[in-house]
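Counting with this note's numbering, you get residues 13 to 335 for the letters of the sequence shown.
Just so you know, even glycine gets a beta-carbon here, dropped at the ideal spot from N, CA and C.
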Amino acid sequence: MVTVDTHKLAEGSSFYADGQLQSVTVNPRYGSGYLSQVRSLTSGISVVIQNFSLHGEGAFRLPRDQESCPPVIAFFTCYSGVGQISYDRPRIPLGNGFSNINFPEYTAALSMDVKGNTPIQTLIVCMELAVFAELTGKTGDELIEALEMLNFHAGERQKKDWSRSIDFAQRMCGYQALDSFINHPRDTLFLEAKALELAALHIRQLEHLTGKTDQREAASQHVEKIAQACLILKEKMAAPPGARELARKVGLNHNQLVRGFREMFGLGPFEYLRAIRLEKARELIAGHECNVTEAAFNVGYSSLSHFSKAFRDEFGINPKACA
Numbered sequence: 013m014v015t016v017d018t019h020k021l022a023e024g025s026s027f028y029a030d031g032q033l034q035s036v037t038v039n040p041r042y043g044s045g046y047l048s049q050v051r052s053l054t055s056g057i058s059v060v061i062q063n064f065s066l067h068g069e070g071a072f073r074l075p076r077d078q079e080s081c082p083p084v085i086a087f088f089t090c091y092s093g094v095g096q097i098s099y100d101r102p103r104i105p106l107g108n109g110f111s112n113i114n115f116p117e118y119t120a121a122l123s124m125d126v127k128g129n130t131p132i133q134t135l136i137v138c139m140e141l142a143v144f145a146e147l148t149g150k151t152g153d154e155l156i157e158a159l160e161m162l163n164f165h166a167g168e169r170q171k172k173d174w175s176r177s178i179d180f181a182q183r184m185c186g187y188q189a190l191d192s193f194i195n196h197p198r199d200t201l202f203l204e205a206k207a208l209e210l211a212a213l214h215i216r217q218l219e220h221l222t223g224k225t226d227q228r229e230a231a232s233q234h235v236e237k238i239a240q241a242c243l244i245l246k247e248k249m250a251a252p253p254g255a256r257e258l259a260r261k262v263g264l265n266h267n268q269l270v271r272g273f274r275e276m277f278g279l280g281p282f283e284y285l286r287a288i289r290l291e292k293a294r295e296l297i298a299g300h301e302c303n304v305t306e307a308a309f310n311v312g313y314s315s316l317s318h319f320s321k322a323f324r325d326e327f328g329i330n331p332k333a334c335a
């Protein structure tokens, strides 16, 4: 697929009309699914997902006109199928596993590079400015100031901006919101809760990265060691070290390890291990890299029935549904 404008992919349909976000399907000439699928929640809050695939690899230019940019704060998270999203600012490309906060006429995306014949999934929590201010006690200007700070330092580093990487809590919350949106359309209460949680996680991450919030003792003193422990668990998830051995490997005692994980992720070390195992298995199955049984064994499950139950508990669907 060559580079095309979004309005061609949408067959001329508008994403925003009569003051409301609109659901828009993909022109069958280019692919299938929804370029934009909208669910309105309480007044002033909506969840928008992109859930589509295109016939070939390529890029499409995103709309720049004011009518396509509703006056909302948009907490945007990219999950699969995207090579990169290019912005005027930040001066680095973002793609799978990254998030951003968008405002009207601020850091608008220029284009999106996508993979062919691959599910493309993004999730956006849209919130009117007045609703955002009421819920958080903050103004849009405060967030813009924080984002400008990250953009400036990203330009100085001239490398991929780790600061926009989805943290663990955002990833799992987003998966739950996607599953609710797609598979449980009547459960608006759960979706609304996850939408608000995801927006809060975006803000918390931004405040942490810009030094706007104090860190607790374990997170501030041991963050690098906890990050090292996370890396060990990711690399050794099929045969991980025990808790005390893991603590020894990174130079912490057992209590410091557990407290650090709980303060950073809200999970103990092996609750975290369980979650990253399931997330990795989901990626393997969805990417057709292996079947369900192989994925279970690859991430460390010796029982297929235990794996299937854990997968359903985490994502709300059977593993085969991801294939």
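The stretch 299-316 contacting the stretch 269-277, beta-carbon criterion three pairs below 8 Å: Contact between the stretch 299-316 and the stretch 269-277 is absent, because fewer than three Cβ pairs lie under 8 Å.
Spatial distance of residue 153 from residue 45 (CA atoms): Position 141 of the sequence shown, counted from the start, is the residue given in the question as residue 153. Position 33 of the sequence shown, counted from the start, is the residue given in the question as residue 45. So the two alpha carbons sit approximately 35 Å from each other.
Beta strand (DSSP E) segment containing residue 49, residue limits: Numbered from 1 along the sequence shown, position 37 holds the residue referred to as residue 49. 43-52 is the span of the beta strand (DSSP E), which, as asked, contains residue 49.
Residue 146: first and last residue of the uninterrupted beta strand (DSSP E) it sits in: The residue given as residue 146 occupies position 134 in the sequence shown. Segment 141-148 is the alpha helix (DSSP H) holding residue 146; no beta strand (DSSP E) there.
Bridge partner(s) assigned by DSSP for residue 128: Residue mapping note: residue 128 aligns to position 116 of the sequence shown, counting from 1. Its beta-bridge partners are 66.
Selected residue, minimal CA-CA separation from residue 326, among 255, 186, 309 and 253: On the sequence shown, position 314 is the one that residue 326 refers to. When each option's Cα is compared against that of residue 326, the closest is 186.
Close Cβ partners of residue 195 (< 7 Å) along its chain, the five nearest in sequence each way excluded: Working through the sequence shown from its first residue, we reach residue 195 at position 183. Hits under 7 Å: 328 and 329.
Extent of the continuous alpha helix (DSSP H) to which residue 3 belongs: Nothing can be reported for residue 3, as the shown portion of the chain is limited to 13 through 335.
Where residue 153 falls: helix, strand or coil (DSSP): The sequence position of residue 153 within the sequence shown is 141, counting from 1. Residue state, collapsed to three classes: helix.
Nonlocal neighbours in the same chain, by C-beta distance under 7 Å from residue 297, ignoring five residues either side: Stepping through the sequence shown from its first residue, residue 297 is reached at position 285. If we look at residue 297 and ignore the five residues flanking it on each side, its Cβ neighbours are 304, 307, 331, 334 and 335.
Endpoints, the alpha helix (DSSP H) within which residue 307 is located: Sequence index remark: in the sequence shown, residue 307 carries index 295 (1-based). Start and end: 304-310.
Same chain, Cβ closer than 7 Å to residue 229, neighbours up to 5 away in sequence not counted: Looking up residue 229 in the sequence shown gives position 217. Low local confidence applies: a pLDDT of 43 at residue 229 is under 50, so the model's placement there is unreliable, with the coordinate-based value given in what follows. If the five residues before and after residue 229 are omitted, its C-beta is found closer than 7 Å to no C-beta atom of its own chain.
Proximal residues to residue 29 (C-beta, below 6 Å), its chain only, five neighbours per side dropped: In the sequence shown, counting from the first residue as 1, residue 29 sits at position 17. Contacts found: none.
Closest residue to residue 53 among 239, 208 and 74 (Cα-Cα distance): Residue mapping note: residue 53 aligns to position 41 of the sequence shown, counting from 1. Cα-wise, what sits closest to residue 53 is 208.
Inter-residue spacing [alpha-carbon to alpha-carbon] between residue 219 and residue 158: Indexing the sequence shown from 1 puts residue 219 at position 207. Indexing the sequence shown from 1 puts residue 158 at position 146. Those two C-alpha atoms are separated by around 8 Å.
Alpha-carbon spacing of residue 216 relative to residue 74, whole angstroms: Counting from one through the sequence shown, the residue named residue 216 turns up at place 204. Counting from one through the sequence shown, the residue named residue 74 turns up at place 62. When rounded, the distance between both Cα atoms is 28 Å.
Residue 134 classed as buried or exposed, judged by whether at least 16 other C-beta atoms fall within 10 angstroms: Your numbering for residue 134 matches position 122 in the sequence shown. When all chains shown are included, residue 134 counts as buried.
Span of the alpha helix (DSSP H), counted from its first residue to its last, around residue 185: The sequence position of residue 185 within the sequence shown is 173, counting from 1. Run containing residue 185: 180-195, per the alpha helix (DSSP H) assignment.
Selected residue, minimal CA-CA separation from residue 243, among 284, 317 and 183: Mapped onto the sequence shown, residue 243 falls at position 231. When each option's Cα is compared against that of residue 243, the closest is 284.
Proximal residues to residue 40 (C-beta, below 7 Å), its chain only, five neighbours per side dropped: For the purposes of this step, residue 40 is identified with residue 28 of the sequence shown, where counting begins at 1. Excluding residues within five positions, none has a Cβ falling inside 7 Å.
Coil, strand or helix - residue 297 by DSSP: For the purposes of this step, residue 297 is identified with residue 285 of the sequence shown, where counting begins at 1. DSSP places residue 297 in helix when its eight states are reduced to three.
Burial state of residue 324 (16 or more Cβ within 10 Å): By one-based count along the sequence shown, residue 324 stands at place 312. Exposed.
Paired residues, beta bridge with residue 17 - DSSP: Along the sequence shown, one-based indexing puts residue 17 at 5. In the DSSP output, where bridge partners are listed per residue, residue 17 has 73.
Same chain, Cβ closer than 6 Å to residue 267, five either side skipped, listed in chain order: Looking up residue 267 in the sequence shown gives position 255. Excluding sequence neighbours, residue 267 sits near nothing in its chain.
Whether residue 264 touches residue 237 by CB criterion (7 Å): As a working mapping, residue 264 is identified with position 252 in the sequence shown. As a working mapping, residue 237 is identified with position 225 in the sequence shown. Using a Cβ distance threshold of 7 Å, residue 264 and residue 237 count as a contacting pair.
Distance between residue 62 and residue 15 (C-alpha atoms, nearest Å): Position 3 of the sequence shown holds residue 15. Position 50 of the sequence shown holds residue 62. In this structure, the CA atom of residue 15 is about 18 Å from the CA atom of residue 62.
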